[in-house]
Amino acid sequence: MNDIIYFDNAATTRVRPEVIETMTKYFSESYGNPSSIYKIAQTNKAVVEKAREQVAKAINAEKNEIYFTAGGSESDNWAVKGIADSYSEKGKHIITLSIEHHAILHTCEYLESKGFDITYLPVNEFGVVEIDELKKAIRKDTILISVMFANNEIGAIQPIKEIGAIAKENGIIFHTDAVQAVGHIPIDVKEMNIDLLSLSSHKFYGPKGIGALYIRKGIKIKPLIHGGAQERNRRAGTENVPGIVGMGIAIELITKEMKSEMERLTYLRDKLIDGILNSIPNSRLNGDKEKRLPGNVNVSFEFIEGESILLMLDMKGICASSGSACTSGSLDPSHVLLAIGLPHEKAHGSLRLTLGMFNTEEEVDYVIRELPPIVSRLRDMSPLYEEYLKNK
Ligand SMILES: *Cc1c(COP(=O)(O)O)cnc(C)c1O
4 MNDIIYFDNA
14 ATTRVRPEVI
24 ETMTKYFSES
34 YGNPSSIYKI
44 AQTNKAVVEK
54 AREQVAKAIN
64 AEKNEIYFTA
74 GGSESDNWAV
84 KGIADSYSEK
94 GKHIITLSIE
104 HHAILHTCEY
114 LESKGFDITY
124 LPVNEFGVVE
134 IDELKKAIRK
144 DTILISVMFA
154 NNEIGAIQPI
164 KEIGAIAKEN
174 GIIFHTDAVQ
184 AVGHIPIDVK
194 EMNIDLLSLS
204 SHKFYGPKGI
214 GALYIRKGIK
224 IKPLIHGGAQ
234 ERNRRAGTEN
244 VPGIVGMGIA
254 IELITKEMKS
264 EMERLTYLRD
274 KLIDGILNSI
284 PNSRLNGDKE
294 KRLPGNVNVS
304 FEFIEGESIL
314 LMLDMKGICA
324 SSGSACTSGS
334 LDPSHVLLAI
344 GLPHEKAHGS
354 LRLTLGMFNT
364 EEEVDYVIRE
374 LPPIVSRLRD
384 MSPLYEEYLK
394 NK
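Adding 3 to a residue's 1-based position in the sequence shown gives its number in our numbering.
Right under this line is the structure:
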């Protein structure tokens, strides 16, 4: 077994060896700027286009509907600000979810300060939006619906195809932050009526700092980054050739393995969930047991703090997260756990374990063995637990 047991694949993933190997060449040998005319530059132009095709194929888009960006956050910012900017004459209302990633939520808050009106839809106890709530929120001046494909904290998968159909019926543009979903569960932008989709390479075993925005043909969108004519005048900046090549290979490989990997991870996930819930009293699973990402486990333990669990897991070589990576370090409980109705104290005692391609059953068994004594030790030190025992 590895010294480091990495159960934080929703935060980022280890880069696959094949990806690293292929990328190396584009730092040291074929380093030309794709806009230049000599051979090592023109070669790079071609490899960038090949990667564009690989990305398009993974989500059933056309090659010229893929635009490279510096990652999921940029893609989300571009989609929301770009559409707001291009369609503000039609209206200034945007619908999104209260449980979106901060790349969407903080972008929407920024737009509020610029006079846009944002509806943050609630979700049910499983973290899923109710279609009726969405329908009721639609107004004449709604220009954009932005709903994440799958949630990064509790793994809840949204009814994307139904939302796509409703958006189309009402003539509203539909964007989805699919950063947690791409490569992990099936996506078809045509069948699901998706107009814009954000993805990020480091969530599927590719390098960090590279991602893409799919923009359906015919959608108007102002650039976020102004400058040169790259990406057909829509996203300036010299192409991140090594990153783009790496993302292309990573997405092709993970798409090929998706079916078998979904099965394997679902088995490991359910073994981990059952192992934890059966051996630790006063614990609960956050999110739906079935409708969740294959690799996502999110549990809450009463009377203790998630942060303390993380520190003790770290001493056992286990990397995990409590809530989202972005909120750790702050004392606010996760906005997602609060949105599914957890009271503050239960939201504080939560633990997220996210599995990926490098995890094994042996590692899952190790966590099932190591976690219960950690929770017991922390509860023995907890005044809340003492009080609970007294009142029992
Ligand atoms: C990781 C993540 C992002 C941000 O992507 P970066 O490439 O790290 O900027 C956005 N949305 C979701 C759902 C994510 O999980």
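The beta carbon of each residue, even a glycine, is placed where N, CA and C say it ideally should be.
With 5 Å as the limit, the residues whose C-beta approaches any heavy atom of ligand 1 more closely are G74, G75, S76, H104, A106, N155, D180, V182, Q183, S203, in sequence along the chain. For the pair of segments examined, the segment 77–86 was found not to touch the segment 267–284: the number of CB pairs separated by less than 8 Å stays below three. Check the Cα spacing between N155 and each of M318, Y369, L296: the tightest is with L296.
Exposed is the label assigned to Y270, since fewer than 16 other Cβ atoms lie within 10 Å of its Cβ. P226 and Y9 have their alpha carbons spaced roughly 37 Å apart.
Fully contained in the segment 157–235 are the following alpha helix (DSSP H) runs of length 4 or more, in chain order: 163–172. Rounded to the nearest whole angstrom, the C-alpha separation of G309 and K319 is 16 Å.
Using a C-beta cut-off of 8 Å, the segment 199–210 makes no contact with the segment 229–240, since fewer than three inter-stretch Cβ pairs fall below that distance. For the pair I218 and K42, the Cα-to-Cα distance works out to about 30 Å.
Taking C-beta atoms under 8 Å as the contact rule, F306 and R382 qualify, at a distance of about 5 Å.
Between the C-alpha atoms of H229 and P162 there is a straight-line separation of about 35 Å. Here N67 is exposed, its C-beta having fewer than 16 other C-beta atoms within 10 Å. In this structure, the beta-carbon distance from I175 to L147 falls below 8 Å.
Between M265 and T15, the alpha-carbon positions lie close to 18 Å from each other. The Cβ atoms of I107 and L114 do not sit closer than 8 Å to each other. The residue from R17, S337, T72 with its alpha-carbon nearest to that of N301 is S337. In chain order, N173 place their CB closer than 6 Å to the CB of I141, counting only its own chain and leaving out the 5 sequence neighbours on each side.
Judged by beta-carbon spacing, T72 lies within the 8 Å limit of A215, meaning their Cβ atoms are closer than that value. For S286, the uninterrupted beta strand (DSSP E) segment begins and ends at 286–288. Within the DSSP secondary-structure output, D120 pairs in a beta bridge with H96. Taking 8 Å as the cut-off, the Cβ atoms of L341 and S325 do not count as close. Looking only at D6, D11, E24, the smallest Cα-Cα distance to P210 is reached by E24. Relative to I276, the option among V126, R372, K193, I97 whose CA is nearest is R372.
The DSSP-derived three-state label of Y9 is strand. Remark: C-beta atoms of G74 and G212 approach each other more closely than 8 Å.
Within the same chain, Cβ atoms closer than 7 Å to the Cβ of E242 are found at P37, V51, F71, Q233, the five residues on either side in sequence being excluded. Annotation for T269: the continuous alpha helix (DSSP H) segment containing it runs 244–282. No Cβ-Cβ contact shorter than 8 Å links G246 with L268. The bridge partners DSSP lists for V302 are L288, L354.
Around the beta carbon of H205, 16 or more other beta carbons sit within 10 angstroms, so the residue counts as buried. The beta carbons of V126 and I102 sit closer together than 8 Å.
Cβ contact annotation for A64 (same chain, cutoff 6 Å, sequence separation greater than five): V192, Y217, in chain order.
Assigned with DSSP and collapsed to three states, A239 falls in coil, not helix or strand.
The three-state secondary structure of T363, taken from DSSP, is coil. With contacts defined by Cβ atoms closer than 8 Å, F152 and K294 do not form a contacting pair. Taking the Cα positions, K28 is about 19 Å away from E255.
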